[in-house]
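Read the structure below first, then the notes.
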Amino acid sequence: MQQIPRHYIYLLLAGVVVWQLLAPMPLPISPSTATRGLYEAIRAVPEGKLIIISTDWDASTQAETWPQTEAVIHACFQARKRFVIMNMQPPMGVKLANDIALEVGKQYRARYGVDWANWGYKYGYGNVLMAMAKDIAKTIGDDFYGRPVTRLPLMQGVRSIRDIGLVVEVTGLAGVTEYWIGLIQGPYQVPFAAAYTAVMAPGYYPYLDSGQMKGMLVGAKGAAEMEALVRSPGKATTIMNVQSWAHLLIIALIVVGNLGYLLARGRREERRQ
Amino acid sequence: MGALEHANWFMTALFCTMSGVIVASVLLAQRGRAMFIRRIPGLAAIEEAVGRATEMGRPMLFSTGLWGIDIVTLQALAILSYIVRLAARQATRLIVATASSSLLPVAEESVREAYTSAGRPEAHRPEDVRFVSEEQFSYALGTIGIMARERTATNFLFGAFFAEALMLTENGRVLGALQVAGCPDPTQIPFFIATCDYVVIGDEYYAASAYLTREPTLTGSLVGQDLAKALLIGLILAGIGLATSYAGPAAPHNFLLNWLAQGR
Amino acid sequence: MREALQSLFLLRQAPNPTALAICLGLALAASVLLLYALHRLLGPRGRRWLIALVTFVGGLFFGLEWFYPARGHPSKNFLTDWIEPVSNMLTVVGAFTVGLGIYSLSQVHGRNVRLRRPGWHNSLAFFIAMVAMFVFGLWEHYLHLREPLPKLVPWPKGIYEILFSGLFAPLQAATFSLLAFYIASAAYRAFRIRTAEAGLMMAAAFVVMLGQVPVGAWLTSAIPAASGWSFFRLEKLGEWVLAWLNTPAQRAITFGVAIGALAMSLRVWLSLERGTFFSEQS
Numbered sequence: 000m001q002q003i004p005r006h007y008i009y010l011l012l013a014g015v016v017v018w019q020l021l022a023p024m025p026l027p028i029s030p031s032t033a034t035r036g037l038y039e040a041i042r043a044v045p046e047g048k049l050i051i052i053s054t055d056w057d058a059s060t061q062a063e064t065w066p067q068t069e070a071v072i073h074a075c076f077q078a079r080k081r082f083v084i085m086n087m088q089p090p091m092g093v094k095l096a097n098d099i100a101l102e103v104g105k106q107y108r109a110r111y112g113v114d115w116a117n118w119g120y121k122y123g124y125g126n127v128l129m130a131m132a133k134d135i136a137k138t139i140g141d142d143f144y145g146r147p148v149t150r151l152p153l154m155q156g157v158r159s160i161r162d163i164g165l166v167v168e169v170t171g172l173a174g175v176t177e178y179w180i181g182l183i184q185g186p187y188q189v190p191f192a193a194a195y196t197a198v199m200a201p202g203y204y205p206y207l208d209s210g211q212m213k214g215m216l217v218g219a220k221g222a223a224e225m226e227a228l229v230r231s232p233g234k235a236t237t238i239m240n241v242q243s244w245a246h247l248l249i250i251a252l253i254v255v256g257n258l259g260y261l262l263a264r265g266r267r268e269e270r271r272q
Numbered sequence: 000m001g002a003l004e005h006a007n008w009f010m011t012a013l014f015c016t017m018s019g020v021i022v023a024s025v026l027l028a029q030r031g032r033a034m035f036i037r038r039i040p041g042l043a044a045i046e047e048a049v050g051r052a053t054e055m056g057r058p059m060l061f062s063t064g065l066w067g068i069d070i071v072t073l074q075a076l077a078i079l080s081y082i083v084r085l086a087a088r089q090a091t092r093l094i095v096a097t098a099s100s101s102l103l104p105v106a107e108e109s110v111r112e113a114y115t116s117a118g119r120p121e122a123h124r125p126e127d128v129r130f131v132s133e134e135q136f137s138y139a140l141g142t143i144g145i146m147a148r149e150r151t152a153t154n155f156l157f158g159a160f161f162a163e164a165l166m167l168t169e170n171g172r173v174l175g176a177l178q179v180a181g182c183p184d185p186t187q188i189p190f191f192i193a194t195c196d197y198v199v200i201g202d203e204y205y206a207a208s209a210y211l212t213r214e215p216t217l218t219g220s221l222v223g224q225d226l227a228k229a230l231l232i233g234l235i236l237a238g239i240g241l242a243t244s245y246a247g248p249a250a251p252h253n254f255l256l257n258w259l260a261q262g263r
Numbered sequence: 000m001r002e003a004l005q006s007l008f009l010l011r012q013a014p015n016p017t018a019l020a021i022c023l024g025l026a027l028a029a030s031v032l033l034l035y036a037l038h039r040l041l042g043p044r045g046r047r048w049l050i051a052l053v054t055f056v057g058g059l060f061f062g063l064e065w066f067y068p069a070r071g072h073p074s075k076n077f078l079t080d081w082i083e084p085v086s087n088m089l090t091v092v093g094a095f096t097v098g099l100g101i102y103s104l105s106q107v108h109g110r111n112v113r114l115r116r117p118g119w120h121n122s123l124a125f126f127i128a129m130v131a132m133f134v135f136g137l138w139e140h141y142l143h144l145r146e147p148l149p150k151l152v153p154w155p156k157g158i159y160e161i162l163f164s165g166l167f168a169p170l171q172a173a174t175f176s177l178l179a180f181y182i183a184s185a186a187y188r189a190f191r192i193r194t195a196e197a198g199l200m201m202a203a204a205f206v207v208m209l210g211q212v213p214v215g216a217w218l219t220s221a222i223p224a225a226s227g228w229s230f231f232r233l234e235k236l237g238e239w240v241l242a243w244l245n246t247p248a249q250r251a252i253t254f255g256v257a258i259g260a261l262a263m264s265l266r267v268w269l270s271l272e273r274g275t276f277f278s279e280q281s
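Protein chains in written order, with numbering that gives the first Met the number 0: chain A, 0 to 272; chain B, 0 to 263; chain C, 0 to 281.
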């Protein structure tokens, strides 16, 4: 029981995933406090202020970050809050997020440049944020399509970070949140929320606990909870069915492994006696 | 309460005190005072790991993680230098895989100097210090390819690792290599523990250069670090006491919180 | 071609592009001459001294800007306005090393192809992929297509989409997905309850794992959500473990690692770090 070849484990896991994708057993999803915090923070953005969605993720984490971005964009459109997408690393994220916004925007008849915009990839982390705090148009320059952001209708009246009502960071990268909190949330008291992959989320609970973060989506579960709140079940809800059974399989394998270990230890002690 | 744009006088005093403690400890160590460092299994295993590769007649691999030139990677280079000197003495080949083009010349220089200081400059092969890719998974797959093609007997993973960590170590384990890993970020530690033979965790990572060289400056700094931590624990306990005694709506305002919040 | 280069260097936005181009050229030439002169004139000892001085001044600048008393809101001191240009300068210096990486890779793989070493076709694939992504990536960028895209998309854009969205992105996602299989086999193989502490850790792990998926809530759905026993619902228990057990532990690790980083930073700043890379003398 301790020596199941790893190929069988891989096959079992693949089988569980395929089974749940083909014949899902949906279970109810109830939003957590952290997810509700992000949802309420979006709805609480004052009229006239923008939301920045910083999509610092790429295709490797898209199983979690794609549905998170999608759910957040749904929430923004439903609450009729104007938002912009931007990205500091890796560059791929801004293109993927652009595709998501275009697709979701069709449902709400959203117009680019009026209801949302894409500031594009801006390299420089702390430099970009420090400069953006003082003069957004000068720092951002051109949008994702190469047009000056000053020509976009939704940028009218948006000069500095004080015209931003919320920053939502969606990321699978460690280290970027500290820039936002240190350079934007802290000094300028701009509300901040985030969506992380499940692996890195535990490290950011201190920020949630201290109030520096208004809310947080944790992995695909957080995305599924947000989808439940915006009443638009999507990828994350499907993933949750799969993940439920995958977790049960892993727990079963750990139990089997430990049973084998206990039996083997028992036999060793018997032989010694 | 917001973050600070600049340090207030409390932060300045705290920084100066902690730095002063560390520097004072360094000076004491340089004057000959003996300082105790407990055994760190992960670092103590490095010699055993190099010896294993020597006995098997197979090369070793050192991965510096994903980041470029920063504190985490500089510490990894310090550990790399130590391993290179061991490898040079035992005539064992060491391949270094970096994920940062800015780190490549620094790693090359570090390895070359280590071979020279070990008295074996001719053993250094420049092509064994390789830039693989800046892209996370391209780096992981490229490094796994090196492990598989070169049949490395020992893998060292020190630096900043993220999702690719499990990929590297699981494949290394399947290929039969002995693995020693260290990373200050706690997120990847569980994966290292599940797949590596020895793991250096959290603070132990920054203690590595002191532990391996036993150089007075470094051991003094390590002891100073611990004293600074003790000071911080004392401050936290004092803060808990103050916050508890000043709690409640009728209590007078907490002066410490006022200091830290700069009146916000 | 000139337009492409100009927009690469943003000369178009400069008030006097010709003067700026001349200044850039002169600055580049002067830098090369200065570095050559330093390399020839300074011995190893002199180089170490220069590195130590530059390291100290660099660290002093950022440290002083943070600690020097500041006024106003946002607060500023006499160094604050210099932070942005200095940081930009460091970013530019870092950007030069991108070429180094490409050179190193080209050297290694070029040798494989030239000498027809085993697996040389993989090195050839590297060159084809690098050149294709570079050419079509830049070409697509300078097409300046606007949304909505035309029905007949220009062929460079089409090829870029095949390479990026069709190959690169799915490959990256697929590689990341391998981790799920690795963690399953690693968890099965490594997680053994050998001690009481390991048992406690395993129990916490099971609670969090089940609390993070809907099946956990379903397993304890019999416990009424509004009752005092609702704490024992798996999703609530999992949230409690993350918020009340995990959070202080993460804070403690952060403090410890931060002090370690402070000590290491002090050693590097004051050039006290020892070891082959830094210096030999004690």
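Idealized CB from N, CA, C, for every residue including glycine.
What does residue i reach in chain C if we use C-beta pairs closer than 8 Å?
i	result
Glu169 (chain B)	Tyr181, Ser184, Ala185
Leu165 (chain B)	Leu178, Tyr181, Ile182, Ala185
Tyr205 (chain B)	Val256, Gly259, Ala260, Ala262, Met263
Residues of chain C with CB under 7 Å from residue i, in chain order?
i	result
Gln224 (chain B)	Ile258, Gly259, Ala262
Gln242 (chain A)	Val212
Ile253 (chain A)	Ala186, Tyr187, Phe190
Ile239 (chain B)	Ordered by position in chain C, no residue passes the 7 Å Cβ test against Ile239 (chain B), which lies about 12 Å from the chain.
Gly123 (chain A)	Thr90
Pro201 (chain A)	Leu241, Asn245, Gln249
If we count the other Cβ atoms within 10 Å of its Cβ and call it buried at 16 or more, is residue i buried or exposed?
i	result
Ile236 (chain A)	Residue 236 (chain A) is actually Thr in this sequence, not Ile. Flag for Thr236 (chain A) reads buried.
Asp127 (chain B)	buried
Cys195 (chain B)	buried
Met0 (chain C)	Low confidence applies to Met0 (chain C): its pLDDT is 46, below 50, so where it sits in the model is not reliable enough to give any reading.
Arg59 (chain B)	Reading the sequence as shown, one finds Met at residue 59 (chain B) and not Arg. Buried: at least 16 other Cβ atoms inside 10 Å.
Asp55 (chain A)	buried
Ile21 (chain C)	exposed
Gly240 (chain B)	exposed
Glu203 (chain B)	buried
Output, in chain order, the set of chain B residues within a Cβ distance shorter than 7 Å of residue i.
i	result
Arg266 (chain C)	Ser220
Listing by chain order, which chain B residues have their CB less than 8 Å from the CB of residue i?
i	result
Ser59 (chain A)	Gln135, Phe136, Ala162
For residue i, which residues in chain A fall below 7 Å Cβ to Cβ?
i	result
Asp184 (chain B)	Ala173
Ala242 (chain C)	Tyr204, Asp208
Find the residues of chain C that neighbour residue i, judging by a C-beta separation of less than 9 Å, and give them in chain order.
i	result
Met91 (chain A)	Phe163, Phe167, Ala168, Gln171
Glu47 (chain B)	Residues of chain C passing the Cβ test: none, with the nearest at roughly 20 Å.
Asp202 (chain B)	Ile252, Gly255, Val256, Ile258, Gly259
Glu126 (chain B)	Gln106, Val107, Arg110
As a quick exercise: from the options, pick the residue whose alpha carbon is nearest that of residue i.
i	options	result
Trp81 (chain C)	C:Leu63, C:Leu49, C:Ala18	C:Leu63
Ser30 (chain C)	C:Asn15, C:Gly42, C:Val92	C:Val92
Ile145 (chain B)	B:Ser109, B:Leu211, B:Thr97	B:Thr97
Arg92 (chain B)	B:Ala106, B:Gln178, B:Phe61, B:Ala44	B:Phe61
Pro4 (chain A)	C:Pro117, C:Asn111, C:Phe180, C:Leu123	C:Phe180
Val167 (chain A)	A:Asp141, A:Tyr195, A:Gly259	A:Tyr195
Ala40 (chain A)	A:Pro190, A:Glu268, A:Ala222	A:Pro190
Pro66 (chain A)	A:Ser231, A:Leu248, A:Arg150, A:Ile249	A:Ser231
Gly123 (chain A)	C:Gly255, C:Ser86, C:Gly71	C:Ser86
Of all the CB atoms in chain D, is at least one closer than 8 Å to the CB of residue i?
i	result
Met208 (chain C)	Annotation note: the requested chain D is absent from the structure, which comprises protein chains A, B and C.
Applying a beta-carbon distance threshold of less than 9 Å, which residues of chain A neighbour residue i?
i	result
Trp217 (chain C)	Leu26, Pro27, Ser243
field: Interface residues of the region 183–198 of chain A facing chain B [CB-CB below 9 Å]
entry: Gln184, Gly185, Pro186, Tyr187, Gln188, Thr196, Val198
- prompt: What are the residues of the region 18–39 of chain B that lie near chain C, defined by any Cβ-Cβ distance shorter than 9 Å?
  reply: Ser18, Ile21, Val22, Val25, Gln29
query: Touching or not, the region 149–158 of chain B and the region 168–181 of chain C, by the rule of three or more beta carbon pairs under 8 Å?
result: no
- prompt: When you check each C-beta in the region 48–72 of chain C against every C-beta of chain B, which residues fall closer than 7 Å?
  reply: Trp65, Phe66, Ala69
- request: Assess, as a yes-or-no matter, whether the region 94–108 of chain A is touched by the region 122–130 of chain A under the definition of 3 or more beta carbon pairs within less than 8 Å.
  value: no
- request: Determine which residues of the region 81–94 of chain B have a Cβ less than 9 Å from any Cβ of chain C, and write them out in chain order.
  value: Tyr81, Val83, Arg84
message: Assess contact between the region 215–223 of chain A and the region 78–87 of chain A, defined as three or more Cβ pairs (one per stretch) separated by less than 8 Å. Is contact present?
response: no
field: Members of the region 104–131 of chain A that neighbour chain C once the beta carbon cut-off is set at 8 Å
entry: Tyr111, Tyr122, Gly123, Gly125, Asn126, Met129, Ala130
- request: Could you please tell me which residues of the region 81–106 of chain C, in chain order, have their CB closer than 8 Å to any CB of chain A?
  value: Ile82, Glu83, Ser86, Asn87, Thr90
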